[in-house]
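All remarks here apply to the structure that follows.
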Amino acid sequence: MSEVRRCRAGRLCDGYEVVAGQRRAAEVTGEAYLCEACQLKTRKLIRRMPNDWCKLKLTIGEKRARGQAEDISRRPKPGSKVLINVDTAELMGEIVDVCDRSIRLALGRGERKRYRGDAVVGQSSADRYDFRVVLKAVDVVTKNIDVLASSQEGTMLALKVFDLGYRVRRHLGETLYREKQHLPCPVCGELALVKEVQDKRQSVSSANQEDITPEVIRCLACNGGPNQDGTWTEAEYKWLQSMVLTDQEEHEMLKWLLAEAEWQRDVCAWLAVERQWYLELACATTGMPWERFLTALEGTADR
């Protein structure tokens, strides 16, 4: 029997399946290292990279707000430091690098080649070249995702695209706000519940906006819950939380009652041992045999 091969994305796999309450990467067949869902995710992220690159380009010139007491002169003082947005430039460079490596892998090229195209207004020659590389990746890589998925180098590039996409969205402030919850998941028992805000403004009409609760509780480890997608509404979670707290209170009460019953049992056992010791001491003092001593003691008690 051949060994089951699973998607190399691991916990990042989009086509995961839930087995015994635990997430597992999807099974893959053939020579691919990534499942179809992860290949589709890679294609979507690469198609979004030109837009992300332009957004990052616009954030390079952003400056922090000045206080009222600070000097607002446009001319820098002698010896002052010029702040450079290193994080943005690094992300832009990583986008260009992963796009270039993906293009070379998809086309089977071993050397980096300059891609010529129309000039982009308002950008330097280096920026025009970098942006053309990103655009070329959309045209080439999205049509050859299977080439990336069938090689280990391409799989590493796809995982790099996953990580880069998340870092760009986090840098631009487009990630979902998540707040970790303290209760375990009622389905799988893992401490993987988070509260996140979903933007449903584009999927519902304005008339139904008041009926939508954007905050949901999601389990990052399974697909449980009443909606079968690992989510609970805030009202459902509060009801579940009250049930769990009630169960915990009852459990603590039962533990206390059990401990009290065990204490009473131990006290009774100690009293029985003490009574036996006193009887043996009295029997030894009288010098009578044990059976005769008990008979005499019972006769005394009957009087």
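Under my numbering, the first residue of the sequence shown carries the number 2, and numbering increases by one thereafter. Beta carbons: idealized from backbone N, C-alpha and C, even for Gly. Model, not experiment: these values are computed from the prediction.
Contact belief for residue i with residue j at Cβ below 8 angstroms, rounded distance in angstroms
i: Asp88; j: Val134; result: Wrong, their Cβ atoms sit about 20 angstroms apart, outside the cutoff.
i: Lys217; j: Leu165; result: For the sequence presented, residue 217 should be read as Val rather than Lys. That belief does not hold up - the Cβ atoms of Val217 and Leu165 are roughly 27 angstroms apart, past 8 angstroms.
7 angstroms Cβ cutoff met for residue i and residue j
i: Glu191; j: Ala222; result: yes
i: Leu35; j: Thr156; result: yes
i: Ala193; j: Val142; result: no
i: Leu13; j: Phe163; result: yes
i: Val169; j: Arg48; result: no
i: Glu197; j: Arg171; result: no
i: Cys55; j: Ala26; result: no
C-alpha distance - residue i paired with residue j, whole-angstrom precision
i: Met50; j: Gly16; result: 22 angstroms
i: Asp104; j: Val97; result: Looking at the sequence provided, one finds Ile at residue 104 rather than Asp. The alpha-carbon atoms of Ile104 and Val97 are separated by roughly 10 angstroms.
i: Asp306; j: Pro290; result: Because the chain spans 2 through 304 in this model, residue 306 falls outside it and cannot be assessed.
i: Thr232; j: Leu272; result: 57 angstroms
i: Glu95; j: Ser152; result: 21 angstroms
i: Leu57; j: Leu173; result: 8 angstroms
i: Ala21; j: Val5; result: 17 angstroms
i: Glu180; j: Val274; result: 57 angstroms
i: Ala10; j: Ala159; result: 9 angstroms
i: Glu251; j: Gly300; result: 50 angstroms
i: Val245; j: Pro187; result: 9 angstroms
i: Glu235; j: Glu32; result: 43 angstroms
i: Val195; j: Arg24; result: 16 angstroms
i: Glu237; j: Gln249; result: 18 angstroms
i: Thr296; j: Ala270; result: 24 angstroms
i: Gln242; j: Arg129; result: 55 angstroms
i: Glu257; j: His183; result: The sequence given here places Trp at residue 257; Glu does not occur at that position. Near 24 angstroms, if we compare the C-alpha coordinates of His183 and Trp257.
i: Glu281; j: Pro185; result: 57 angstroms
i: Trp278; j: Glu253; result: 37 angstroms
i: Asn145; j: Thr60; result: 31 angstroms
i: Asp212; j: Glu154; result: For Asp212, the predicted model reports a pLDDT of 43, less than 50, meaning its position is unreliable and no value from the coordinates is stated.
i: Asp147; j: Ala90; result: 30 angstroms
i: Glu18; j: Lys239; result: 28 angstroms
i: Tyr167; j: Thr247; result: 39 angstroms
i: Ala283; j: Phe294; result: 9 angstroms
i: Glu28; j: Leu136; result: 32 angstroms
i: Met93; j: Arg44; result: 19 angstroms
i: Cys39; j: Ala262; result: 57 angstroms
i: Ala150; j: Asn52; result: 24 angstroms
i: Glu292; j: Leu298; result: 10 angstroms
i: Ala260; j: Glu37; result: 56 angstroms
i: Arg276; j: Trp264; result: 18 angstroms
Residue i at chain E interface by Cβ criterion, 7 angstroms
i: Trp240; result: Of the protein chains in this structure there is only one, and it is not chain E.
Cut-off 6 angstroms between Cβ atoms - residues of its own chain near residue i, not counting five sequence neighbours on either side
i: Glu71; result: Its pLDDT being 47, under 50, Glu71 is placed unreliably by the model, and nothing is read from it.
i: Lys161; result: Val99
Proximal residues to residue i (C-beta, below 8 angstroms), its chain only, five neighbours per side dropped
i: Lys42; result: Asp15 and Phe163
i: Thr30; result: Arg6
i: Thr286; result: none
Quick one: which unbroken beta strand (DSSP E) runs of 3-plus residues sit fully inside the stretch 123–158? Chain order, please. none
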